[in-house]
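Chain order of the listed sequences is A and B.
Note that the working numbering has the first sequence beginning at -19, numbered continuously upward.
Note that the working numbering has the second sequence beginning at -19, numbered continuously upward.
To start, the structure itself, in structure tokens.
Protein chains: 2
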Amino acid sequence: MADERFMRMAIAKAREGIGKGQSPFGACIVSAGEVLACSHNLVWSGSDITAHAEVSAIRDACARLSTIDLSGSVIYSTCEPCPMCFAACHWARISKIIFGSCIEDAQGCGFSELTIPNQRMKQLGNSPVEVEGDFMRGNCLELFREWTARADRRAY
Amino acid sequence: MADERFMRMAIAKAREGIGKGQSPFGACIVSAGEVLACSHNLVWSGSDITAHAEVSAIRDACARLSTIDLSGSVIYSTCEPCPMCFAACHWARISKIIFGSCIEDAQGCGFSELTIPNQRMKQLGNSPVEVEGDFMRGNCLELFREWTARADRRAY
Chain A
-19 MADERFMRMA
-9 IAKAREGIGK
1 GQSPFGACIV
11 SAGEVLACSH
21 NLVWSGSDIT
31 AHAEVSAIRD
41 ACARLSTIDL
51 SGSVIYSTCE
61 PCPMCFAACH
71 WARISKIIFG
81 SCIEDAQGCG
91 FSELTIPNQR
101 MKQLGNSPVE
111 VEGDFMRGNC
121 LELFREWTAR
131 ADRRAY
Chain B
-19 MADERFMRMA
-9 IAKAREGIGK
1 GQSPFGACIV
11 SAGEVLACSH
21 NLVWSGSDIT
31 AHAEVSAIRD
41 ACARLSTIDL
51 SGSVIYSTCE
61 PCPMCFAACH
71 WARISKIIFG
81 SCIEDAQGCG
91 FSELTIPNQR
101 MKQLGNSPVE
111 VEGDFMRGNC
121 LELFREWTAR
131 ADRRAY
């Protein structure tokens, strides 16, 4: 399954971030079978509170293609995008969001999430982006466990 | 009035952006009377769909102070922050958002806004950020008029 392969890339990238003291989130953007960008969360590395995995991947994909329009692409995110990242996906015209764990899981680890699910954001904002959750959730939850076991973890 | 002075700075920055072919939005972040960052929208200049004025100002302020925590600061935005920017303010722990025109005004100019007002985001996400709208709305609406009159305008 292609979806599984791309989610595994997002998970591997998140794991790489955990190893570098970053937060346990990864995202991979794919268009027509080609990976445009794959990033882990970079909030701590750059003191940039907006550098979530999804926002970072969107920036990378836009820079790579010199475009602000990622129509037709799919973003695989290890955790449900927060409202900032959901809205960034909407602005970038990403066609589909596929995520593993959910916002409440991140909140349970101490992240001060705005707990508004993607489906609610989509409905309230009338966004055309497709949303599929609970994809490889078990593998994605494992990232939180690995991160929680580390002494250098810092939520925000 | 200090609030008026800082909003005028955000408006002046937005106007500078319009002159450079950018979108008609500006934001200014202030802490204890000191301007930490003031930015106009940079979406087109860097092919970065996430580079709204508020996100850009938050990145600048965080980089300047080497922090991800802007507690106690106020953001003055010429237009109501979109849900991406509202959530970015929440993550950065900005204490108060003061804005001029509203999301519907931007939508009316062709921007594909998720039309979820800040107050609704705050309520649904249970965010502590204070929100004050309709501040110098007339001056802020003028920015849309100036931008609309330009042949090089590009909404997204």
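The beta-carbon is built from N, C-alpha and C at its ideal position, and this holds for glycine as well.
Since this is a predicted model, take the numbers as computed values, not measurements.
Distance cutoff 8 Å, beta carbons only. Does residue i sit that close to anything in chain A?
i                : result
Asp28 (chain B)  : yes
His70 (chain B)  : yes
Val111 (chain B) : no
Ile77 (chain B)  : no
Thr128 (chain B) : no
Ile96 (chain B)  : yes
Met116 (chain B) : no
Asp101 (chain B) : Asp is not the amino acid found at residue 101 (chain B); the sequence shown has Met there. It does; some Cβ of chain A falls within 8 Å.
If we count the other Cβ atoms within 10 Å of its Cβ and call it buried at 16 or more, is residue i buried or exposed?
i                  : result
Asp132 (chain B)   : exposed
Lys(-7) (chain A)  : buried
Arg125 (chain A)   : exposed
Glu112 (chain B)   : exposed
Thr128 (chain A)   : exposed
Gly64 (chain A)    : According to the sequence displayed, residue 64 (chain A) carries Met and not Gly. So Met64 (chain A) counts as buried.
Glu84 (chain B)    : exposed
Glu34 (chain A)    : buried
Glu14 (chain A)    : exposed
Ser46 (chain B)    : exposed
Gly6 (chain B)     : buried
Pro4 (chain B)     : buried
Trp(-3) (chain A)  : Just to set this straight, residue -3 (chain A) is Gly in the shown sequence, not Trp. The residue in question, Gly(-3) (chain A), is buried, as its Cβ has 16 or more Cβ neighbours within 10 Å.
Met(-19) (chain A) : exposed
Ala12 (chain A)    : exposed
What does residue i pair with, by DSSP beta-bridge criteria?
i                : result
Phe79 (chain A)  : A:Ser57
Ser11 (chain A)  : A:Glu14
Ser19 (chain B)  : B:Ala7
Glu110 (chain B) : B:Lys76
Tell me which residues share the same chain as residue i and place their Cβ nearer than 6 Å to its Cβ, disregarding the 5 neighbours each side in the sequence.
i                  : result
Lys76 (chain A)    : Val54 and Glu110
Met(-11) (chain A) : Cys8 and Cys18
Phe91 (chain B)    : Ala135
Phe66 (chain B)    : Asn98 and Met101
Phe(-14) (chain A) : Cys8, Val10 and Tyr56
Ala86 (chain A)    : Cys59 and Glu93
Leu22 (chain B)    : Ala31 and Ser36
Could you tell me whether the Cβ of residue i comes closer than 8 Å to any Cβ of chain B?
i                : result
Arg39 (chain A)  : yes
Leu22 (chain A)  : no
Cys42 (chain A)  : yes
Val15 (chain A)  : no
Gly105 (chain A) : yes
Val10 (chain A)  : no
Ala67 (chain A)  : yes
Leu121 (chain A) : no
Met64 (chain A)  : yes
Quick one: residues in its chain with C-beta nearer than 7 Å to the C-beta of residue i, no 5 flanking neighbours on either side, listed in chain order?
i                 : result
Arg134 (chain A)  : Trp24
Pro61 (chain B)   : Glu34, Cys69, Ile77, Phe79 and Asn98
Arg44 (chain B)   : Leu16 and Ala17
His20 (chain B)   : Lys(-7), Ala(-6), Glu(-4), Gly(-3), Gln2, Phe5, Gly6 and Ala33
Ile(-9) (chain A) : Gly6, Thr58, Asn119, Cys120 and Leu123
For residue i, I'd like the list of residues in its chain whose CB is within less than 8 Å of its CB, leaving aside the five on either flank, ordered along the chain.
i                  : result
Glu(-16) (chain B) : Met116
Practice item. Decide yes or no for the touch test of the segment 20 to 36 of chain B against the segment 33 to 47 of chain A: beta carbon pairs closer than 8 Å, at least 3 of them. Key: yes
Review point. Within the chosen definition, does the segment 103 to 111 of chain B reach the segment 85 to 103 of chain A through at least 3 CB pairs nearer than 8 Å?
Key: yes
Review point. In chain order, what residues of the segment 46 to 62 of chain A put their CB closer than 7 Å to some CB of chain E?
Key: No chain E is present in this structure, whose protein chains are A and B.
Check your understanding: How about the segment 61 to 78 of chain B and the segment 44 to 59 of chain A: do they share at least three Cβ pairs that are nearer than 8 Å?
Key -> no
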